Structure formats: C-alpha cells, structure tokens
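What follows is a set of notes on a single structure, which appears directly below.
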Amino acid sequence: MPTMMYRDALRRALYEEMKADPRVFLLGEDIGLYGGAYAVTKGLLDEFGPQRVRDTPMSEAVIVGAAIGAAMIGGRPVAEIMYVDFMTLTMDQVVNQAAKIHFMFGGQITVPCVIRTQQGTGRGAGAQHSQSLESWFVHTPGLKVVTPATPSDAYGLLRASIQDDNPVIFLEHKGLYAIKEDVPEEPFVTPLGVAEVKREGADVTLITYSRMVHLALEVAAQLAERQIGVEVIDLRTLQPLDMETVLKSVSKTRRAVVLHEAVMTGGLGAELSARITESLFDQLLSPVRRVAARDVPLPANVALEKYVVPNAEQVISAIEETLAVKQIVR
Amino acid sequence: MDRELTKSLYKTMLLIRRTEERILEEMMKGKLASTMCHVSIGQEAVAAGVCDAMAPQDYLTSTHRGHGHFIARGGGLGRMMAELFGKETGYCKGRGGSMHITDITIGHLGANGIVGGHLGIAAGAALWSQISSNDAVTVCFFGEGATNEGITHESLNMAALWKLPVVFVVENNHYAMSLAWERSTAQLNFTEKASAYGIPGVDVDGQDALAVQEVAKAAIDRARRGEGPTLIGAHTYRFLGHSRADPSKYRSSEEEERERARDPLTILRTKAGTDVITDSDLEAYEAEVKQQLDDAVKFAEDSPLAQPSTVFEDIYA
Ligand SMILES: Cc1ncc(C[n+]2csc(CCOP(=O)(O)OP(=O)(O)O)c2C)c(N)n1
C-alpha cells in the first residue's frame, strides 16, 4: 500500500472523480496555476484544463453561488473556499440557497455540489484564519458536513461527497495536510454517515472527529498503560451523524467524553451529550463530559493558541472524572 | 410591427395582471397559506418582453416578486394557485408559496426570497452552460434594490470576465420597499454601471413591452453567441405597495397617478392600434383569462392540503 499524505489523498479523489465523470469541475481562488493555498489541487489544471479547473476572482459568495447554479442544471462542481473563516462571506449561498433549494422547491431540483474548505488551529494563523465552524453548518438541515481525520478518509469521503446528490460542506484540517498513512491502491468510497471505532476499549467512549482524533488516540494509548480502556470513535461525518455507533459504544462503556477543537458553547459536544443522555440516561455511570476549545477568539501567538485548544491533559482529566464517579447502588 | 408578437405580449401581460388581481382577491378571502406575497402589477411588460425573447432550452432565475416571470415563461396556473393555497399539488408541494414558486421543467430555477441571492446561481447556471455547451442562456431578473447587494458585483464581474451566457435584467420599479432608487444608488445610469464590468448596459422603457422584447432579444442572442452578459435596466413602476401591508406613504399620490397612467397594457394597445388588437379581441382575451383563472382556483380548492408530516420529505435528495 502506498503511503500518502492527506493532501495527496484529497487530490487523488478529485482526480479520480474528474476522470470518471465529466460533470465534475473545480472552482476556487488560486486552485489552478498556484495549485491551491494548501496545494491540494496541484497539477489538476495541467491535467484537466482551464474549463474544468477554474481560478476564480476573489469572490467567495459567487464561487459558492456559481457552484449551486451549475449543480442545479447538471454540473457536479467542487468549490474550494480557502479558509472556513471566509465561509462567512458565503453564508447566504450556503444556508439560504444550497441547503434550502431541494426542500423549498418541493424536491424538483437537486444541488449536488461540494464546498471544500479547511479549518482549525496549529499554525498560529490567528483569530480570522483558525476557527472551527462545523456547528454552523450542522445547525442547518439540508447540508451534509464531513470532517476527515486521516488520508484514507480524506480520499474515501471526498469521493463519496462528490458522488452525493446534496450540498456537502467538506471540512479539511489545515494541520493534517502533511500527515501520512497507507492508503489502499484499489479505489474505494467511504460512505457518509458511518462513524469508525478507531480503537476499542471497555471503560469510556471518547467521541471526536477531525484532527482531535489523533489526540484522542494518543490519550487512549497513554491510558492503556494504566489499564484504562478508552474506546475512540471518529465520527467522520457530522451530518448525517452516526448515533447508532455512538450509542452502541456508550451502552457498553457507560461513560462518554466528547472532544472537539471548536469552542465549547453550542458545539457538537453539547449535541452529543444531550443525545447520549436522552437515550442512555439510566445506563450512564457518570455525566457525559465535554473537552473543547475555550470560548474565546483564537490568538495568533502560538503559545496562546495552544492554551485555548484542548490538550492531552484536559482529555485525561475529563476521562478520570468520568471514572471517578462511583456507580450508584440501587 | 409584428402583429403576432404584439398580440402575444398583450395576452401574456393581461394574464399576469388578472392572475395577480385574482391572487389579491383570494388573499383577502383568506385563501393563501402564507403571508408572503408580492405582486408586480404595473411591471408586466418586463416579464412578458424578456420571456418572449427566450428559447425553450433557456433558464431564468426570479425574485420575491416573481409571478410575472413564472407566468410569462409558461408556468401552469392551476399548480401555481395550488402552491399559493398550500396544497400538495402545488409546484413546491405547498411548502414554497408565492415567493418560491418554481417549475424546473420550463427552465425556471426558482423565485428567491433573498434579495440578490440568486445572482450567483444565475452565473453558475450560465457557467455550466458554457462548460457543457448546452446552448442555453440564463436570464436573471432582479430589482434595482438588489443592484446594491455585494453578490451583484461579484456575479457581474465573474459573468463578464468569463463571458458567461447570462442576461441580467434589472426591473427598476424605483422603490425597494420604501427606498427610492435615487436615495439608495450613486450611479443611476445602466450604461455607466455596466461599463465598470466592460459589458453593454442598456436602459429601456420597461412599460413598453415591444421595446423590452427587442432589447432582450439582442442581449440573449449576444449571450448565446458567446459574447457575454448584458445588463438591462428596464424602467418600470410598482403600481401597488411593496406588499399588502404597505400603504406607500413614502411616495406622493401625484407621482403614483402619473406613473399609473403609463400602464403597459394601455401603452401596447395604443401602440398596436385597434386594428391589431380589436375590441372583440380584448373581450375574447378577458373571457379566456377569466376561464383559466376560474379553472386554476377550482383546481387549487379541490386539491388536498399539504400534510404536516411532509416537512420531513425532500430535505435531502
Ligand atoms: C437580503 C435581503 N435584504 C432585505 C430583504 C427584505 N426585502 C424584501 S424585498 C425588499 C426590497 C427589494 O427591492 P428590489 O430589489 O428593488 O425589488 P422590488 O421589491 O422592488 O421588486 C426588501 C428590502 C430581503 N428579502 N433580502
């Protein structure tokens, strides 16, 4: 199996989908000649030409608007928005248009488009270039939201997203582009809406996605040395959300911690905690815990940034707290 | 003068006028399922003229004031009324209403409730036409109020840059709710506006259906030849309030009277002469339209209501 970087896996998905389906085309800022701000689309202009790999003006709203319009009449566009922070400039197109069209028009029209963007911290990019905004999109019925953590998933989930008939917000992580993994040579598609149990464990379920999956695995390995079994779940897609896998795991471990890089308030942790509690209240041995970024804008200073986002210590102490709550004897 | 064209434009305008009057009547009776409803009475020449110039394979995007575009493009009245009445036989299964009326089978890409929200969509449809060489032109209707939205600039620039087959039609009815065009807009001349994008801009009397048709035809042909977009400023007037809640206090009754005297139906009839559109033609048109509307309302009334449980349908394809 060849070793592949996350960014190369994404490019492979784009390449294969473009080869297989002439309706697939790319548009975005600096994706052609420059190859993409994070080098995902490098080489695709040479391969597919300027009709299908479009360097757009710096006009985020119409990049997404044009993707929607093209998708409505038969195209399958993949738009790139350089940073999730710039999705703010596209929100009418995403929320009022893409997410609504199929429903509002009575199912007459579909909008099969993918909006690729990247988010997250790790590079000291500051308050306007480091946010994690997945909750905004998850809060809008009509969108699918995908958050790959590994090269294999980046590849398989991007292919699935392009093949999907709905608008998909595909959230890459800027801190993951250079990570490597063996990715099978045989083409494959990873279905949306299926979480993955990355590591089994008996004592507590640690639910996460995107870059935090790697932190979770690190913590799980550390705690294994202390005989604490941490089951790590990578949600992979946030909409649809695979609650079945989550609930199955938590029914077994009876303890859960949710971990994400987005700020705590109104985040996926709140949603998951509510759902787990609603379904498994009488089986839980402790309250569901959340570990998330502090509720502040992100500083550009790397040391301060580090302080804001979750670290191993915080995850470990959250897990320890769930374990410390004694089982109530009935 | 093209007699057939003239008659056809007149009939389309009359159909729009009477349909919207009927919609208001039904609204007063409490028949509409939604409170959102904006009529275009006074502006019919723009919809009729532009849609006449479109080819069957063409697309259009429409606005919150979109009944005229829908009817002029050939949308069915029965399913339209059913949509307004909240019936499951409506074009949008009774969940879109007046402001989101759509029929993809006639190339109608949706009436949009976000002012300016569909300009990018129009550019995108045209982009796909360019990539796939499907020979279609997209017509994008919007109000002069929308010219000041940010995406309008983005869309005009992209469309001009890539010579996309799209025609931007500004229905300048001079008011965006209460806001007069002169109070909102620094550059009032469409030729000048368009020149910022390096594309042709045309100002046309939007009350003159024949003039609109001619300008639209030239712009659509040009777009189809691959020469890029045109910005048309069609100067018209909204005879009634923005919506039913609007008593139009922001404009004088003298102005309203003066503008209402420029009724596009009267203007076309006068231009055509009574030998092209005879009195008996008029009577026949009126009778035909009335019958169509009675049938449409009956269809809507007889149709089953959209069921609440259907809200879970069509969220995802
Ligand atoms: C983005 C946005 N802003 C404001 C509104 C509220 N609104 C609806 S119609 C309208 C006026 C629109 O004026 P114009 O574009 O000239 O179209 P007209 O109503 O005159 O046909 C306003 C302010 C809206 N629907 N969308």
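Chains A and B, in that order, give the protein sequences. Residue numbering for the first sequence follows the numbering used here, starting at 1 and increasing by one per position. Residue numbering for the second sequence follows the numbering used here, starting at 331 and increasing by one per position. Ideal placement from N, C-alpha and C gives every residue a C-beta, glycine not left out. Treat the numbers as computed from the prediction; the structure is a model and nothing was measured.
Near ligand 1: residue i beta-carbon under 7 Å from a heavy atom
i: Ile444/B; result: yes
i: Asn337/A; result: Beyond the ends of chain A as shown, which are 1 and 330, falls residue 337/A; an answer cannot be given.
i: Met212/A; result: no
i: Gly475/B; result: yes
i: Met384/B; result: no
i: Glu589/B; result: no
i: Met507/B; result: yes
i: His572/B; result: yes
i: Arg395/B; result: yes
i: Arg568/B; result: yes
i: Asn311/A; result: no
i: Thr501/B; result: The residue you asked about is not Thr; residue 501/B is Glu in the sequence shown. Yes, Cβ of Glu501/B sits closer than 7 Å to a heavy atom of ligand 1.
i: His448/B; result: no
i: Phe170/A; result: no
i: Phe472/B; result: yes
i: His368/B; result: yes
Close Cβ partners of residue i (< 6 Å) along its chain, the five nearest in sequence each way excluded
i: Arg255/A; result: Val204, Leu285, Ser286, Thr322
i: Asp433/B; result: Gly405, Tyr421
i: Asp533/B; result: Phe520, Gly563
i: Val329/A; result: Residue placement at Val329/A is poorly supported in this model, since its pLDDT is 47, which falls under 50; the coordinates are not used for a value here.
i: Gln327/A; result: Here Gln327/A scores only 48 on pLDDT, less than 50, and its place in the model should not be relied on; the value that follows carries that caveat. Contacts found: Leu285.
i: Ala320/B; result: The question about residue 320/B has no answer, for chain B in this structure spans 331 to 647.
i: Glu172/A; result: Gln118
i: His129/A; result: Tyr83, Asp85
i: Ala270/A; result: none
i: Val138/A; result: Val145, Leu238, Gln239
i: Trp511/B; result: Glu474, His504
i: Thr342/B; result: Ala378, Ala402
Contact set for residue i: own chain, Cβ-Cβ below 7 Å, skip 5 residues either direction
i: Leu345/B; result: Ile401, Val619
i: Glu200/A; result: Glu231
i: Ser317/A; result: none
i: Gln75/A; result: Looking at the sequence itself, residue 75/A is Gly, so the reference to Gln does not match. So the qualifying residues of the chain are Arg23, Phe25.
i: Gln131/A; result: Val84, Asp85, Gln119, Leu298
i: Ala617/B; result: none
i: Thr349/B; result: His397, Ile401, Leu407, Leu623
i: Gln314/A; result: Val291
i: Ala70/A; result: Pro77
Integer-rounded CB distance, given that residue j should sit under 8 Å from residue i
i: Ala66/A; j: Ala453/B; result: 5 Å
i: Ile101/A; j: Ala79/A; result: Their Cβ separation, rounded to whole angstroms, is 16 Å, which puts Ile101/A and Ala79/A out of contact at 8 Å.
i: Ser656/B; j: Thr477/B; result: Within the shown structure, residues of chain B are numbered from 331 to 647, placing residue 656/B beyond reach of any answer.
i: Val606/B; j: Lys337/B; result: 7 Å
i: Leu192/A; j: Pro240/A; result: 6 Å
i: Met5/A; j: Lys198/A; result: Met5/A to Lys198/A, Cβ: 19 Å. No contact.
i: Val288/A; j: Ile276/A; result: 5 Å
i: Gly440/B; j: Ser392/B; result: 7 Å
i: Leu206/A; j: Ala220/A; result: 7 Å
Cβ-based neighbour list, residue i, same chain, cut-off 8 Å, excluding 5 preceding and 5 following
i: Glu589/B; result: Gly372, Tyr567, Phe569
i: Glu16/A; result: Arg159, Pro187
i: Glu586/B; result: Phe569, Ser578
i: Leu561/B; result: Leu486, Phe498, Val500, Phe520, Lys523, Ala524, Tyr527, Ile529, Pro530, Gly531, Val532
Check: residue i C-beta below 7 Å from any heavy atom of ligand 3
i: Asp465/B; result: Among the ligands in the structure shown, ligand 3 does not appear; only ligand 1 can be found there.
Inset, instruction - Count the CB pairs spanning the segment 591-604 of chain B and the segment 531-540 of chain B that are closer than 8 Å, and state whether there are at least three. - result: yes
Legend entry - Segment contact, 8 Å Cβ cut-off, at least three pairs: the segment 562-580 of chain B with the segment 478-486 of chain B: no
Inset, instruction - Report yes or no: do three or more beta-carbon pairs, one from the segment 50-57 of chain A and one from the segment 183-193 of chain A, lie closer than 8 Å? - result: no
Legend entry - At least 3 beta-carbon pairs within less than 8 Å: the segment 105-123 of chain A vs the segment 78-92 of chain A: yes
Legend entry - Any 3 or more C-beta pairs closer than 8 Å across the segment 493-508 of chain B and the segment 570-583 of chain B: The segment 493-508 of chain B vs the segment 570-583 of chain B: in contact.
Legend entry - the segment 106-117 of chain A touching the segment 154-170 of chain A, judged by at least three CB pairs closer than 8 Å: Contact between the segment 106-117 of chain A and the segment 154-170 of chain A is present, because at least three Cβ pairs lie under 8 Å.
Inset, instruction - Examine the Cβ distances between the segment 467-474 of chain B and the segment 444-453 of chain B and report whether three or more of them are shorter than 8 Å. - result: yes
Inset, instruction - Assess, as a yes-or-no matter, whether the segment 550-564 of chain B is touched by the segment 375-394 of chain B under the definition of 3 or more beta carbon pairs within less than 8 Å. - result: Taking a cut-off of 8 Å on C-beta distances, the segment 375-394 of chain B touches the segment 550-564 of chain B, as three or more cross pairs fall below it.
Legend entry - Contact the segment 36-47 of chain A vs the segment 92-99 of chain A: 3+ CB pairs below 8 Å: no
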